[in-house]
Structure formats: structure tokens, C-alpha cells
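See structure below.
In this note's numbering, the protein residues as written are 6 to 513.
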């Protein structure tokens, strides 16, 4: 992993509406299966020489070897200005690029949009500009095992490594008491599992399938996740109302931060987000979200009071949009928040037609899918759901996808061609797995149902062709191509499956 910073200190004056190069990062070398994370900060300033009611937009883009790869929304300045009025506005940009192996030059450019006053009565400048370039390992082999945390009758904890092609148990790994949530790092080298009974996290090397470290965390840890850039792991400590942050390279605790009066139980992020988000349960309608800045570890609670959020701890209510600007908190009164940058949690709003959704996924192709409450039998969908800088919600409500009562966990395959939902058995419905297939070109959706004895959590393999559904003492493989089930895998009499993971995911 390499890290390079580029800083520009001179003034750059916009004298026309053409693209202006702000920063250049040359000779960025990548190998196969690596990604480039670009994080930029700019401080813009504009000065008026007359009394004007003016709206000015500044748009940014990134180029790789001269080819545009990212175009931002216009950053709007809208003011009633007076003679010699000066206004400043910070801008933060974050983008994760996945080029082929080679050497690349990245350029950050900007231009003025939506103003007829530039050059005559208005000066626009870039006062400060900096860009951080981080090269990270970002993919894993398609044949990674599936890892299952489970608890024996006496409370002892284990993790089973299951071969994702033969379904054979490759290793049984002792961990701590009452293991629970489990995750894989983005590079596939490390598995984390929280041990609720002894307030620790066990760290497993996937090359040896052995525990390499056991770290003390807070009381009753409920969730664990590694950042998409592979640098840090986060553990949500429910009883201590805190988050423990771990250095994923050295496998040591960096610090533990308080999230306030609520108990964190679920985590979410995305490659283009500045934050790790934690859903916090306080009780009644006082639940909220804490945003932990990945760079600074600063905690920024939002939606605390006034939004009437009441989360179900059985589901992860957090969804982060692929561009990093949208965070959805799903419950009976759903909230959307716009995230403008690492120091700017923007406006929020609610969407009435999302009400009673409890968990969801947002795909890179613009589709947003959300499960409903236990008694509902549809999946709610939208296209290009977003919230702009003023708080206005945009996007198109799409037709509901027919589903089943008892919707439980929702997971998306790494290639985003399939979304799977476990269905809990109830008076009206058998247990099973709903498999939603999405055509990458037409975005047409088809659905199938695989009946199973029990369906709790699930994991999808890296190649997206297989799911493993957690039962109680068993794990049930499901072929997602057919779709059909095969023989279940027994983990031991009186055992209880607590967590399962088959590929890196951005939701705990």
C-alpha cells in the first residue's frame, strides 16, 4: 500500500467556463487487483464587484491519463452580493478508481457553470487545494472459503472455514465465548469475529486459518466491519456505547470512541464515503446514526431527536449510496441524509413511500432495494435515489418487487447481479431464500424462491454463484444460478450459528 499527497498553494483564477487543471498526481503505479483512492480538499473563494443576485456553480472532474473518469455535481454558491463581498466555500471530493495494472496520471479539474457574471463582475479562485492518493489491495480470489461463527452448548466459540466449491469444512478455529458478527477484510487476508461473551475480537489469518490476535474491545460487541480501503476495522460495543477502532495492518487497537447515549449495533460504509456509519439504539423514537470520520476518528452524531427514528436491532438499517453522498436510515420514519464531505454532514429529509422499510442495498447501477416490515410481502425499489445539497430528494420510485412475509436479511452479490433475502417461516409462509436477479444491461428483474427448513443470515461467495444460508446447527448451500439447494452442512449437535460471511461487504 502506498500513500502520496499533492498540495497546491498558488491561486488559480477562473477566467472562463473551460476546464482548469487544479492538481496533477503523476506516476501512480498499480498492480493487478489494486485500487486507487483519491481524496481531495479545495477552498474556493469568489468576490463580487457589484451588487448582484447571483448563482454560481463550480463543477469538478477527475481524469486518468487524460480520460474523464468522474464528474461531480455542481457545487452551488447562491447569494445576494454587495460591492466587494467575499465568500468562501470548502469542497471535499472522494473517488475510488480501479484501473488495470500500469502507471497513471490523475488530474483534478474544475470549471464554472451557471453564471453569466464571471469575468466582468465576479472573480472566482481556488485558494487551497490538496489531494491524497492511496493505492490499496482491493480484491480477493473467487475461491475464498465461507466463514461461519458458531457457539457450542457450553458457550465456547468456533469459526468454521467451509470450502465454497466442495462444501467441506476445511478448518474449525477456536475463538472466544459467544461469538457473533463476522467480517472479511477487502483484500481477503483477514477475518474478524466479535466474541460477545468475553468482550474481545478474534483476528484470523485466512492463509493459515488460525487466530493471530485476540484484542479486548468494549462490552457486548455486536458488529464488526473493515473500511473499504482496508486500513481500519470497527467494532460496535453495544453496552459501552462506543466504537473500537483497530489498525488493520498492525492488528492493534487505535482507540475507542464514544458514540453518545445510544448503543451501536450495525455498521455501514462505501468506498466513496468519508465515514464509517453506526446505527445507535437509544429507545423509543430517539435512535440515531453516528458518523465516524475514517481519517480523524471524529464522531459526528446526526438524526438524534426530532426525526422519530426507531430501529430494529434485528436488521442493519443503514444504506450508503455508491457516490458516498447519500445515507439512508430505514425504519417506520425513514431518513435520508446528504454527506458533503468529512466535515460536512448536510441536510436531511424523509421519503413517505419508503416508510416501514427496515433494511436495504443501493447498487452501483442506481437501483435501491429495501425490505419491508415482517408482515409485508413486497420489496420497495427506487432508481437513482439521492438527496441534493438543499435537502430535496430526487429519484424515481419503481414498482414493488413481489416478495414474502417474514423478510429477514438482505445481501447483494459482489458483482451486484443478484440480491438475496432470507425469509423467516411464519403462519403464511415457508422459510427460504428469495433470489432476485438483475440484468446488467436492461436492469430487468426476475425473482425465484428456494424453500429451506430455516433461514436466518446468509453469505454470498465472491463469484456470486452460491449462497450459504444460516440455520441453527446447519448451514445450507444454495446454487444461485439454478436456483436450488443442496445438502446442508452440520456444525455439531446443540451448536448455534451466530454469523456468516463469504465475501467482503460494506454492511455488517
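Ideal placement from N, C-alpha and C gives every residue a C-beta, glycine not left out.
Since this is a predicted model, take the numbers as computed values, not measurements.
Where do the ends of the beta strand (DSSP E) carrying residue i lie?
{"i": "residue 230", "result": "226-231"}
{"i": "residue 385", "result": "383-392"}
{"i": "residue 35", "result": "25-35"}
{"i": "residue 307", "result": "304-307"}
{"i": "residue 366", "result": "362-367"}
{"i": "residue 275", "result": "Counting along the chain, residue 275 falls outside any beta strand (DSSP E), and DSSP gives it neither H nor E."}
{"i": "residue 162", "result": "162-167"}
{"i": "residue 463", "result": "463-465"}
{"i": "residue 247", "result": "247-252"}
{"i": "residue 156", "result": "151-156"}
{"i": "residue 439", "result": "437-443"}
{"i": "residue 474", "result": "471-475"}
{"i": "residue 75", "result": "72-76"}
{"i": "residue 503", "result": "501-506"}
{"i": "residue 410", "result": "Where residue 410 is concerned, there is no enclosing beta strand (DSSP E), given that its DSSP letter is neither H nor E."}
{"i": "residue 498", "result": "Counting along the chain, residue 498 falls outside any beta strand (DSSP E), and DSSP gives it neither H nor E."}
{"i": "residue 598", "result": "Nothing about residue 598 can be reported from this structure: the residues present for the chain run from 6 to 513 only."}
{"i": "residue 343", "result": "340-346"}
{"i": "residue 299", "result": "Per DSSP, residue 299 belongs to no beta strand (DSSP E) and is neither H nor E."}
{"i": "residue 337", "result": "It is not in any beta strand (DSSP E) - residue 337 carries neither H nor E in the DSSP assignment."}
{"i": "residue 97", "result": "91-102"}
{"i": "residue 323", "result": "323-325"}
Relative to the alpha-carbon of residue i, which residue among the options has its alpha-carbon at the smallest distance?
{"i": "residue 247", "options": "231, 227 and 235", "result": "227"}
{"i": "residue 235", "options": "470, 214 and 196", "result": "196"}
{"i": "residue 1", "options": "64, 66, 50 and 102", "result": "Here the chain comprises residues numbered 6 to 513, so residue 1 is not present and cannot be evaluated."}
{"i": "residue 442", "options": "183, 419, 73 and 150", "result": "419"}
{"i": "residue 319", "options": "186, 25, 216 and 296", "result": "186"}
{"i": "residue 110", "options": "317, 43 and 176", "result": "43"}
{"i": "residue 208", "options": "201, 217 and 273", "result": "217"}
{"i": "residue 221", "options": "210, 201, 214 and 232", "result": "201"}
{"i": "residue 445", "options": "422, 358, 458 and 461", "result": "422"}
{"i": "residue 106", "options": "173, 112, 33 and 71", "result": "33"}
{"i": "residue 428", "options": "378, 355, 344 and 269", "result": "378"}
{"i": "residue 172", "options": "472, 501 and 488", "result": "472"}
{"i": "residue 225", "options": "239, 340, 129 and 204", "result": "204"}
{"i": "residue 70", "options": "469, 104 and 194", "result": "104"}
{"i": "residue 289", "options": "344, 469 and 313", "result": "313"}
{"i": "residue 212", "options": "223, 206 and 193", "result": "193"}
{"i": "residue 264", "options": "274, 273 and 283", "result": "283"}
{"i": "residue 371", "options": "406, 430, 402 and 490", "result": "402"}
{"i": "residue 260", "options": "249, 269 and 159", "result": "249"}
{"i": "residue 317", "options": "76, 308 and 334", "result": "334"}
{"i": "residue 257", "options": "38, 237 and 67", "result": "237"}
{"i": "residue 343", "options": "279, 383, 262 and 436", "result": "279"}
{"i": "residue 417", "options": "368, 433 and 492", "result": "368"}
{"i": "residue 489", "options": "503, 131, 502 and 439", "result": "439"}
Answer yes or no: does any C-beta atom of chain D fall closer than 7 Å to that of residue i?
{"i": "residue 41", "result": "As a matter of chain content, chain D is missing from the structure shown, which is built from one protein chain."}
Would you mind giving the Cβ-Cβ distance between residue i and residue j, rounded to the nearest angstrom? I have them listed as a contact below 8 Å.
{"i": "residue 498", "j": "residue 478", "result": "7 Å"}
{"i": "residue 408", "j": "residue 400", "result": "Not really, about 21 Å apart at Cβ, beyond 8 Å."}
{"i": "residue 293", "j": "residue 326", "result": "With 8 Å as the limit, residue 293 and residue 326 do not qualify as a contact, their Cβ atoms being about 19 Å apart."}
{"i": "residue 385", "j": "residue 397", "result": "Wrong, their Cβ atoms sit about 20 Å apart, outside the cutoff."}
{"i": "residue 156", "j": "residue 183", "result": "6 Å"}
{"i": "residue 352", "j": "residue 336", "result": "About 19 Å separates the two Cβ atoms, so there is no contact after all."}
{"i": "residue 457", "j": "residue 474", "result": "6 Å"}
{"i": "residue 178", "j": "residue 214", "result": "6 Å"}
{"i": "residue 414", "j": "residue 381", "result": "Actually they do not touch by this definition, with Cβ atoms about 15 Å apart."}
{"i": "residue 92", "j": "residue 190", "result": "Residue 92 to residue 190, Cβ: 43 Å. No contact."}
{"i": "residue 315", "j": "residue 306", "result": "Actually they are not in contact, since the Cβ atoms of residue 315 and residue 306 sit about 16 Å apart, beyond 8 Å."}
{"i": "residue 366", "j": "residue 424", "result": "6 Å"}
{"i": "residue 339", "j": "residue 355", "result": "6 Å"}
{"i": "residue 27", "j": "residue 47", "result": "7 Å"}
{"i": "residue 275", "j": "residue 511", "result": "5 Å"}
Check whether the Cβ of residue i lies closer than 6 Å to any heavy atom of the ligand GDP, and answer yes or no.
{"i": "residue 420", "result": "The ligand GDP is absent from the structure shown, which contains no ligand whatsoever."}
Do the stretch 341-350 and the stretch 296-314 touch if we need at least three Cβ pairs shorter than 8 Å?
-> yes
Output the residue ranges of the beta strand (DSSP E) runs that lie fully inside the stretch 169-203 and measure 3 residues or longer, sorted by chain position.
-> 174-179, 184-189 and 195-200
Any 3 or more C-beta pairs closer than 8 Å across the stretch 387-394 and the stretch 326-338 | yes
Does the stretch 130-142 come within contact of the stretch 161-174, defined as at least 3 CB pairs closer than 8 Å?
-> no
At a cut of 8 Å, does the stretch 443-452 reach the stretch 481-497 through at least three beta carbon pairs?
-> no
The stretch 90-110 / the stretch 61-77 touching (three or more Cβ pairs under 8 Å) = yes
Looking at C-beta atoms only, is the number of pairs between the stretch 482-493 and the stretch 237-256 that lie closer than 8 Å three or more?
-> no
May I ask you to verify whether the stretch 460-470 touches the stretch 500-511, counting CB pairs closer than 8 Å and requiring at least 3?
-> yes
Looking at C-beta atoms only, is the number of pairs between the stretch 147-160 and the stretch 129-137 that lie closer than 8 Å three or more?
-> no
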